[in-house]
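Just so we're aligned: 370 in my numbering is position 356 of the sequence shown, and the numbers increase by one with no gaps anywhere.
Glycine included, every Cβ here is placed at the ideal spot set by N, Cα and C.
Fair warning: this is a prediction, and the values are worked out from it, not measured in the lab.
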Amino acid sequence: MTVAQPDVSVIIGAYEAMPYLIECLSSVEAQTIDPGRVEVIAVDDGSTDGTGEYLEEFAERAPMHVLVIRQENSGGPSGPRNVGLAKATGRYVFFLDADDRLGPEALERMVGMADRAGTDVVLGKVEGVNRSAPKSMWGKTVERTDVYSSNIKFTLSAQKLFRRELLDRHGMRFDESLFTGEDALFTMEAYLRADGVSVVADHTCYYLVGRDDGKHVTKSGSYTLRFDSARALMRLIAELVPAGTRRDQLMIRPFLVTLLPQFGPKYLTDSEEIRRHKFELAKPLMDTYWTEGVAQRLKVHERLRLHLVAEQRPDLLLEVVKFVKAKKQAAALLEKKGRRVYLAYPHFRDRAAGVPDAVYLAEPREARAFPGYREGGVDTLIRRAVRKARRVLTSREVRPAA
């Protein structure tokens, strides 16, 4: 008898996941998709709290096929996910963390979307439970988009539906040398290689659960791991996307989400030794990947901090971080008849500091908040001049001959 290929393989890496695992597996069991269309591959990564035993109990009673693999602790989430991926037989795979849970109908809706749209990656709306969750990409359901035309670059967690053929074709696996940000690397590569990405925004497909014991992986780890993560993601983007506007657009993600927080409020409590080390770790990344195109896409306070990191000016950075932490509003200086708005964060037009005015120049989306701002500028003036020149040329062409 031939066994039909499952539609989706749900891969669960689990380590010390009790009691959260109970609700996680209940959410799998409650899915509305036909159980015969689902397989669950659960990898117990050396747990000692009963996680492995509970997985085996679930396998005995679950309505779908469940494979439980028990192994010695690997030290991170990548190993168990890769083990599960190697065993997967479904047309799609979905990575479910053992302390999170699926929303009702999640698998049915995401598989249906992928089949209907023919896309390789599907994002299902995420909600946070006792923790924050990404929000900017859930404005509307979209059958087909890409990483350049949407905000999906700001959700790089692994909890997505991936077409397995895409992963196999490119030999995609999680980087087991990374202990944070491994999912960002994997998901960004999938976005870049995918033939289309879908977004299910009108139904909560995933609940991101904050653990009461604070053991969630994203809350732990040395600051050096964050630099490892940023470096790996920047390198991937540079390898797959030629230099230019598109690369700059994607580089915002590692600069803003991974690197900049190292020079946020926590920096104020760092020792001098750690501050120096952070600047040392950041230098090769800033030298290689920090461009004018990236800088222009950031808010002024973000751009200013990273500019000072790029210029290796820890002496100036401290005052800026204190200002930002205090949540002060920088004074706005309008020039060029309101077409330019400078935000006077610390060191603005301080000759001794020598920070260029351009670092403080607000881009339109930030400048619009200030009364008196007139959107336009050099580009607008050029366009007006071009239109005027065209009118003159046209009038000459239609003028009757003497």
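Kindly confirm or deny that the segment 211–226 and the segment 186–202 touch, where touching means at least three C-beta pairs closer than 8 angstroms.
-> no
Whole beta strand (DSSP E) runs in the segment 303–349 with 3 or more residues, listed along the chain?
-> 345–349
Inter-residue spacing [alpha-carbon to alpha-carbon] between Ala383 and Leu375 | Numbered from 1 along the sequence shown, position 369 holds the residue referred to as residue 383. Numbered from 1 along the sequence shown, position 361 holds the residue referred to as residue 375. Between Ala383 and Leu375, the C-alpha separation is close to 14 angstroms.
Report the rounded CA-to-CA distance for Glu122 versus Asp111, giving the unit in angstroms.
-> Your numbering for residue 122 matches position 108 in the sequence shown. Your numbering for residue 111 matches position 97 in the sequence shown. Taking the straight line joining both Cα atoms gives about 19 angstroms.
Check whether the Cβ atoms of Leu320 and Leu299 sit closer than 8 angstroms, and answer yes or no.
-> Position 306 of the sequence shown, counting from 1, holds the residue named residue 320. Position 285 of the sequence shown, counting from 1, holds the residue named residue 299. For Leu320 and Leu299, no; Cβs fall outside 8 angstroms.
Which whole runs of the alpha helix (DSSP H) in the segment 142–191 are 4 residues long or more, in chain order?
-> 178–183
DSSP bridge partner residues for Arg84 (one or two, in chain order) | One-based indexing of the sequence shown puts residue 84 at position 70. Paired residue(s): Asp58.
Phe193 to Pro328, Cα distance in whole Å?
-> Taking the first residue of the sequence shown as 1, we reach residue 193 at position 179. Taking the first residue of the sequence shown as 1, we reach residue 328 at position 314. The straight-line gap from Cα to Cα measures roughly 28 angstroms.
What is the residue span of the alpha helix (DSSP H) that Val42 lies within?
-> Counted from its first residue, the sequence shown places residue 42 at position 28. In the DSSP assignment, Val42 falls within the alpha helix (DSSP H) that extends over Tyr34 to Glu43.
Spatial distance of Val231 from Glu179 (CA atoms) = By one-based count along the sequence shown, residue 231 stands at place 217. By one-based count along the sequence shown, residue 179 stands at place 165. With a pLDDT of 47 at Val231, under the threshold of 50, the predicted position of this residue should be treated as unreliable, though the coordinate-derived value follows. In a straight line, the C-alpha of Val231 is about 28 angstroms away from that of Glu179.
So, are the CB atoms of Ala358 and Ala344 less than 8 angstroms apart?
-> Residue mapping note: residue 358 aligns to position 344 of the sequence shown, counting from 1. Residue mapping note: residue 344 aligns to position 330 of the sequence shown, counting from 1. In contact: Ala358 and Ala344 (Cβ atoms closer than 8 angstroms).
Contiguous beta strand (DSSP E) assignments of at least 3 residues, all confined to the segment 93–149 = As far as the segment 93–149 is concerned, its whole beta strand (DSSP E) runs of at least 3 residues are 106–111 and 135–143.
Contact the segment 176–191 vs the segment 254–261: 3+ CB pairs below 8 angstroms | no
Val214 (DSSP reduced to helix, strand or coil) | The sequence position of residue 214 within the sequence shown is 200, counting from 1. Three-state DSSP puts Val214 in a strand.
Would you identify the three-state DSSP class for Tyr221, choosing helix, strand or coil?
-> What you label residue 221 is simply residue 207 of the sequence shown in a count that begins at 1. Three-state DSSP puts Tyr221 in a strand.
Between Asp21 and Gly132, what straight-line distance do the alpha-carbon atoms span, to the nearest angstrom?
-> For this step, residue 21 is matched to residue 7 along the sequence shown. For this step, residue 132 is matched to residue 118 along the sequence shown. So the two alpha carbons sit approximately 14 angstroms from each other.
So what does DSSP say about Ile26, is it helix, strand or coil?
-> As a first step, residue 26 must be located in the sequence shown, where it is residue number 12. Strand at Ile26.
So Val323 and Phe293 are in contact, right, with Cβ under 8 angstroms, and what is the actual spacing, rounded?
-> Taking the sequence shown and counting its residues from 1, one reaches residue 323 at position 309. Taking the sequence shown and counting its residues from 1, one reaches residue 293 at position 279. Yes, they are in contact, since the Cβ atoms of Val323 and Phe293 sit about 7 angstroms apart, within 8 angstroms.
Verify whether the separation of the beta carbon atoms of Ile26 and Ala73 is less than 8 angstroms.
-> Taking the sequence shown and counting its residues from 1, one reaches residue 26 at position 12. Taking the sequence shown and counting its residues from 1, one reaches residue 73 at position 59. Cβ distance not < 8 angstroms, so Ile26 and Ala73 don't count as in contact.
Measure the alpha-carbon distance for Thr16 versus Glu71 and round it to whole angstroms.
-> Along the sequence shown, read from residue 1 onward, the residue named residue 16 stands at position 2. Along the sequence shown, read from residue 1 onward, the residue named residue 71 stands at position 57. Residue placement at Thr16 cannot be trusted, given a pLDDT of 48 that sits under 50; the coordinates are not used to answer.
Specify, as a first and last residue, the run of the beta strand (DSSP E) that Tyr13 falls within.
-> Summary: the structure shown does not reach residue 13, with the chain confined to residues 15 through 416, and so no result is reported for it.
What are the start and end residues of the alpha helix (DSSP H) that includes Ser243?
-> On the sequence shown, position 229 is the one that residue 243 refers to. Segment Tyr237 to Leu254, the alpha helix (DSSP H) holding Ser243.
Would you tell me roughly how many angstroms separate the C-alpha atoms of Glu86 and Trp304, rounded to the nearest one?
-> On the sequence shown, residue 86 is found 72 positions in, with the first residue counted as 1. On the sequence shown, residue 304 is found 290 positions in, with the first residue counted as 1. C-alpha separation (whole angstroms): 41 angstroms.
Contact between the segment 158–165 and the segment 207–223 (3+ Cβ pairs under 8 angstroms) = Enough Cβ pairs lie closer than 8 angstroms, so yes.
Local conformation of Thr16 per DSSP, three classes | What you label residue 16 is simply residue 2 of the sequence shown in a count that begins at 1. Residue placement at Thr16 is poorly supported in this model, since its pLDDT is 48, which falls under 50; the coordinates are not used for a value here.
For Pro414, which three-state DSSP category applies?
-> The residue labelled residue 414 in the question sits at position 400 within the sequence shown. Note that Pro414 scores 45 on pLDDT, short of 50, meaning its location in the model is unreliable; the coordinates nonetheless yield the value given after this. DSSP places Pro414 in coil when its eight states are reduced to three.
Beta-carbon proximity check, Ser41 vs Arg115, cutoff 8 angstroms = Taking the sequence shown and counting its residues from 1, one reaches residue 41 at position 27. Taking the sequence shown and counting its residues from 1, one reaches residue 115 at position 101. Result yes, Cβ atoms of Ser41 and Arg115 sit closer than 8 angstroms.
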